[in-house]
Amino acid sequence: MLEKVASYVWDEETEPEATRFHEAAIDGDALEMQLVWIKQDAQPCTTHHSLAIERPVQALRAGANINIKDDMDGMTPLMFDALNGQVECMRALLEPGGGKRNDVNQRSNLGYTAINYAVTTPEGVRLLIEHGATVSSRGLDGSTILHHLARAPCPEQDAREVFRSILELGELSIDVQDPQGYSTLLRAVNLNNLPMLRCLMENGASTTVRDVCSNNAMHCAAGKSGLEILEYLMTQDLSELNMKHTNCYDETPLDCLINATYSEPWKLGALERQPSTEEVAAFAQLHQAIECANKEKDISLLQHALNSLPMESPDTTTACIHLAQLSQRKKENPNPDGYCDWRIGFEAIKQLLQQAQPYKVILGARNIEATENAYSSLSFDRSKHSLSVLPLELNNLKDVKSFARQALGKIGENRIDYLLLNAAISDPAQGPGPHGSKWSEILIVNHTSQHYLVHLLREKLAASKARLVFVSSGAVRNVPDPSVLDQDLLAGSGKDSMTSYPQSKFVALLAAHWWRRQLAGQCDVVAVSPGLIPTTGLQRGSKLSFPDAIMKDAKSVPEGAKSILEAFTRNDVPEDPQQIFLTSWGEWWPKDVYALSLDEALQNKWCQSQEEIETEMGITA
Numbered sequence: 001m002l003e004k005v006a007s008y009v010w011d012e013e014t015e016p017e018a019t020r021f022h023e024a025a026i027d028g029d030a031l032e033m034q035l036v037w038i039k040q041d042a043q044p045c046t047t048h049h050s051l052a053i054e055r056p057v058q059a060l061r062a063g064a065n066i067n068i069k070d071d072m073d074g075m076t077p078l079m080f081d082a083l084n085g086q087v088e089c090m091r092a093l094l095e096p097g098g099g100k101r102n103d104v105n106q107r108s109n110l111g112y113t114a115i116n117y118a119v120t121t122p123e124g125v126r127l128l129i130e131h132g133a134t135v136s137s138r139g140l141d142g143s144t145i146l147h148h149l150a151r152a153p154c155p156e157q158d159a160r161e162v163f164r165s166i167l168e169l170g171e172l173s174i175d176v177q178d179p180q181g182y183s184t185l186l187r188a189v190n191l192n193n194l195p196m197l198r199c200l201m202e203n204g205a206s207t208t209v210r211d212v213c214s215n216n217a218m219h220c221a222a223g224k225s226g227l228e229i230l231e232y233l234m235t236q237d238l239s240e241l242n243m244k245h246t247n248c249y250d251e252t253p254l255d256c257l258i259n260a261t262y263s264e265p266w267k268l269g270a271l272e273r274q275p276s277t278e279e280v281a282a283f284a285q286l287h288q289a290i291e292c293a294n295k296e297k298d299i300s301l302l303q304h305a306l307n308s309l310p311m312e313s314p315d316t317t318t319a320c321i322h323l324a325q326l327s328q329r330k331k332e333n334p335n336p337d338g339y340c341d342w343r344i345g346f347e348a349i350k351q352l353l354q355q356a357q358p359y360k361v362i363l364g365a366r367n368i369e370a371t372e373n374a375y376s377s378l379s380f381d382r383s384k385h386s387l388s389v390l391p392l393e394l395n396n397l398k399d400v401k402s403f404a405r406q407a408l409g410k411i412g413e414n415r416i417d418y419l420l421l422n423a424a425i426s427d428p429a430q431g432p433g434p435h436g437s438k439w440s441e442i443l444i445v446n447h448t449s450q451h452y453l454v455h456l457l458r459e460k461l462a463a464s465k466a467r468l469v470f471v472s473s474g475a476v477r478n479v480p481d482p483s484v485l486d487q488d489l490l491a492g493s494g495k496d497s498m499t500s501y502p503q504s505k506f507v508a509l510l511a512a513h514w515w516r517r518q519l520a521g522q523c524d525v526v527a528v529s530p531g532l533i534p535t536t537g538l539q540r541g542s543k544l545s546f547p548d549a550i551m552k553d554a555k556s557v558p559e560g561a562k563s564i565l566e567a568f569t570r571n572d573v574p575e576d577p578q579q580i581f582l583t584s585w586g587e588w589w590p591k592d593v594y595a596l597s598l599d600e601a602l603q604n605k606w607c608q609s610q611e612e613i614e615t616e617m618g619i620t621a
């Protein structure tokens, strides 16, 4: 009788209208079952399921086919019991002896076995493993039982027991990935599953794995992980993570956080949400901690290498091992230029090289090899564009002079169309000045070196009728009293980044005005703000922070680069020669916004001649 009606007798999931056949099965009334004939209702759960799920022993005695699947999900009674945590029912279905035995590895329509459905029940998982369940199978979506565990919210102790039972079999790697490239750790971070994340970290799961879109763990945490996850990650060693790594959408983890924070809710993905102020702060703190850990690990490897090379008995083998590890880390975590605007400069040149107009680009960079490698990975028409990278250390004016000489040699008889002055740091004015200078490094890098470079290129720039583009900042408005600059920008003044960065950019804007006067009728001079772009690394090495009122206007790196390139070609420069500041939203700022920088006496004071700079810094011809 059961076999005849097995495939077409159904019961509602909530059982509001159970048939007499269902009721008989649940009540264990065999006689009633024999008398009842075919009747259907709407839910595809056969009487076998009702009987096997609720009364598995009676079902077995009645000779029920306990491997039968429902027509909706293809689930067996064992799967239903596993899903509902009915361990005793599972045990009865798995008992040896009797009729047809349960196929413990039978798959549902989604490709899952009973153990996938039992993943939140430690006793059920152990029971299924005892009866031959495999944990290495994948569903149709390619996920494993570990991925299911990362998705399933359950008490931490239960998660630990299930996790241990799975790993003890040795069938699955802890870092197994699904077709989207998600490891269990990435999935746990993405789904905010702290108990599972703890299990994974304590058992050595890799923190550097990336999905098919090249997202690392911090990409997954941005805008998805809650405060508890972020605070837990602060306690872990994440020094192998590269915070400057970009995914296939050219986004760093910080880019992802900004997108989640300031995007309209309807633009966010299914797993994304707008993080709270506390979560944003925690993410920023974690981001900075990882970058510090990266540097500390590099220093440690270098120190170990040096310690292996005492004069009396150097151990070159050990030293080479440490140096090889350091070299590998640098390949995986390149930092082509230590200055904050490298990423935006890189993006600006990348966008330039995609244009139809051919360009010959000459770059100055601290790390030649890493910069060349970064640009060599770009796809652009190399028959149309050319790109050269020359060494340039902006805190050393002798190096600036060498760069200018090499650049002019490469330019030859050609003209200079644009000079982009882009580099900046945000370090506090602490410690001695570079190369014996009385001035802080932030002033040397952000102003003096770039001002000196214009002197060195002046003749060629004037002959070429070039356009000079000074990358500035809205932070220049945060200098209410220029009279304090003489003291605040000295080396060792102790001024923090919130003071020294706006001051150094203010002095650089003075230089833009000064050069606009010096080159009047010969060159165009403009200043441009790319907007607030937290992902350039501007906060590195500093205590520079941005309040929410400012962060709401934050820009991405591509947006900032686009603003810079607009300054190359805008032909609507105002007639007023003092109105030279182009904003990130494409408007020419009224000059009253930066009125203090219009003081010509102040400009003359901070813009030394080439001879004065070389005399002060001991630079010879």
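Numbered per the UniProt record's numbering, the sequence shown finishes at 621, counting up by one with no gaps. Quick reminder that beta carbons are idealized off the backbone N, C-alpha and C, glycines included.
Distance check between S609 and each of S206, N242 and V454 places V454 closest, using alpha-carbon atoms only. In the three-state reduction of the DSSP assignment, A356 falls in the coil class. Leaving aside the five residues that flank L233 on each side, the residues in its chain whose CB is nearer than 6 Å to its CB run, in chain order, L286. Residue burial is scored here from C-beta neighbours: A595 has fewer than 16 other C-beta atoms within 10 angstroms and is therefore classed as exposed. Nearest to E616 by alpha-carbon distance, out of G433, V526 and L230, is G433.
As DSSP reads the structure, K495 sits in a beta bridge with A429. Annotated three-state conformation of L419 is strand, per DSSP. The segment 515-523 makes contact with the segment 451-467: 3 or more CB pairs, one atom from each, lie closer than 8 Å. Note that the segment 249-257 does not touch the segment 191-201; fewer than 3 beta-carbon pairs, one per stretch, sit closer than 8 Å. Membership of D255 in any beta strand (DSSP E) is not indicated; the residue belongs instead to the alpha helix (DSSP H) covering P253 to Y262. Counting along the chain, no alpha helix (DSSP H) covers A527; the unbroken beta strand (DSSP E) around it starts and ends at D524 to V528. Between C523 and L461, the C-beta spacing is below 9 Å. Taking a cut-off of 8 Å on C-beta distances, the segment 106-115 touches the segment 63-82, as three or more cross pairs fall below it. Here N446 is not near Y359, since their CB atoms are 9 Å or more apart.
Residue environment for I442: buried (at least 16 other C-beta atoms within 10 angstroms of its C-beta).
A365 has P391 as its beta-bridge partners, per DSSP. Of the candidates S239, S173, P558 and S563, the residue whose Cα lies closest to the Cα of S300 is S239. Where L468 is concerned, the enclosing beta strand (DSSP E) starts and stops at R467 to V471. For the pair A491 and K562, the CB atoms are not nearer than the 9 Å cut-off. The three-state reading of DSSP puts F581 in strand, counting E and B together. With a cut-off of 8 Å on Cβ pairs, the segment 346-360 is in contact with the segment 380-399, counting three or more such pairs. Short of 8 Å from the beta carbon of N414, and not among the five residues preceding or following it, lie these beta carbons of its own chain, in chain order: K360. Apart from the 5 residues on each side of it in sequence, P428 sits with its Cβ closer than 7 Å to the Cβ of K495, D496, S497, S500 and S542 in its chain, given in chain order.
Here W515 is not bridged, per DSSP, to any residue. In the structure shown, Q177 adopts extended strand secondary structure according to DSSP, grouped into three states. The closest CA to that of E168, considering only G181, L197 and V135, is found on V135. Taking C-beta separations shorter than 8 Å and ignoring five residues to either side along the sequence, the partners of I166 in its chain run V125, V135, I145, L146, L149 and L172, following chain order.
A buried status is given to W606, since no fewer than 16 other beta-carbon atoms sit within 10 Å of its beta-carbon. In the same chain as A520, and ignoring 5 residues on each side of it, the C-beta atoms closer than 8 Å to its own belong to P577, in chain order.
CA-to-CA, the gap between S214 and P482 works out to about 46 Å. When C-alpha distances from D141 are compared across A324, V162 and P179, the shortest belongs to P179. In terms of Cα proximity to E228, the closest of T208, N192 and A222 is N192.
According to the DSSP assignment, M90 belongs to the alpha helix (DSSP H) that extends over V87 to L93. Secondary structure within the UniProt repeat "ANK" (180-212): the alpha helix (DSSP H) runs of 4 or more consecutive residues, fully enclosed, are 184-190 and 194-202 (chain order). For T261, the closest of C292, N242 and S225 by C-alpha to C-alpha distance is S225. For the pair Q106 and L194, the Cα-to-Cα distance works out to about 31 Å.
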